[in-house]
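Using our numbering, read the sequence shown as starting at 273 and increasing by one per residue.
By construction, the Cβ of each residue, glycine as well, lies at the ideal position given by its N, Cα and C atoms.
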Amino acid sequence: MKEAKISAYLSGHDHNLQHLIVENDNKILNYIVSGAGAATDRSQHHWDEFSKNEGAK
273 MKEAKISAYL
283 SGHDHNLQHL
293 IVENDNKILN
303 YIVSGAGAAT
313 DRSQHHWDEF
323 SKNEGAK
(Lines of atoms letter the chains of each structure in order from A and count residues from 1; the text may use other names and numbers.)
(Lines give C-alpha, C1' and ligand atoms only; values in the text may rest on other atoms or scores of the structure.)
Protein backbone atom coordinates (compact mmCIF):
# COMPACT_ATOMS: atom_id res chain seq x y z
CA MET A 1 0.00 0.00 0.00
CA LYS A 2 2.94 2.32 0.60
CA GLU A 3 4.15 1.88 -2.97
CA ALA A 4 0.71 2.75 -4.34
CA LYS A 5 0.49 5.83 -2.08
CA ILE A 6 -2.79 4.69 -0.56
CA SER A 7 -4.12 6.85 2.28
CA ALA A 8 -7.16 4.78 3.28
CA TYR A 9 -8.09 1.10 3.45
CA LEU A 10 -11.84 0.43 3.64
CA SER A 11 -13.48 -2.85 4.54
CA GLY A 12 -16.71 -4.11 5.98
CA HIS A 13 -17.21 -7.00 8.32
CA ASP A 14 -17.43 -6.32 12.02
CA HIS A 15 -20.60 -5.29 13.80
CA ASN A 16 -19.31 -1.85 14.67
CA LEU A 17 -17.33 1.05 13.22
CA GLN A 18 -13.56 1.00 13.65
CA HIS A 19 -11.14 3.72 12.54
CA LEU A 20 -7.45 2.94 13.05
CA ILE A 21 -4.84 5.55 12.16
CA VAL A 22 -1.33 4.27 11.53
CA GLU A 23 1.68 6.48 10.92
CA ASN A 24 4.67 4.86 9.22
CA ASP A 25 7.59 6.64 7.53
CA ASN A 26 5.83 10.00 8.06
CA LYS A 27 2.80 8.78 6.10
CA ILE A 28 -0.64 8.27 7.60
CA LEU A 29 -2.87 5.36 6.64
CA ASN A 30 -6.50 5.21 7.75
CA TYR A 31 -7.99 1.74 8.23
CA ILE A 32 -11.79 1.91 8.30
CA VAL A 33 -13.99 -1.10 9.06
CA SER A 34 -17.68 -0.38 8.68
CA GLY A 35 -20.33 -2.65 10.12
CA ALA A 36 -24.10 -2.57 10.29
CA GLY A 37 -24.33 -2.43 14.08
CA ALA A 38 -23.56 1.33 14.29
CA ALA A 39 -21.58 0.95 17.53
CA THR A 40 -18.08 2.42 17.68
CA ASP A 41 -14.99 0.67 19.04
CA ARG A 42 -12.15 3.02 20.03
CA SER A 43 -9.94 0.20 21.29
CA GLN A 44 -7.27 -1.53 19.24
CA HIS A 45 -8.51 -4.92 20.40
CA HIS A 46 -8.93 -6.19 16.81
CA TRP A 47 -5.73 -4.68 15.41
CA ASP A 48 -3.71 -7.92 15.34
CA GLU A 49 -6.39 -9.78 13.38
CA PHE A 50 -6.98 -6.84 11.04
CA SER A 51 -3.34 -6.17 10.21
CA LYS A 52 -2.69 -9.83 9.28
CA ASN A 53 -4.73 -9.26 6.10
CA GLU A 54 -2.01 -7.11 4.51
CA GLY A 55 -1.42 -9.73 1.79
CA ALA A 56 -4.66 -8.86 0.00
CA LYS A 57 -3.92 -6.68 -3.02
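Query: Starting from G284 and walking both ways along the beta strand (DSSP E), at which residues does that stretch end?; Result: 280–284
Query: Whose C-beta lies closer than 6 Å to the C-beta of L282 among residues of the same chain, with five residues either side of it excluded?; Result: I304
Query: Do Q316 and L289 have their CB atoms nearer than 8 Å?; Result: no
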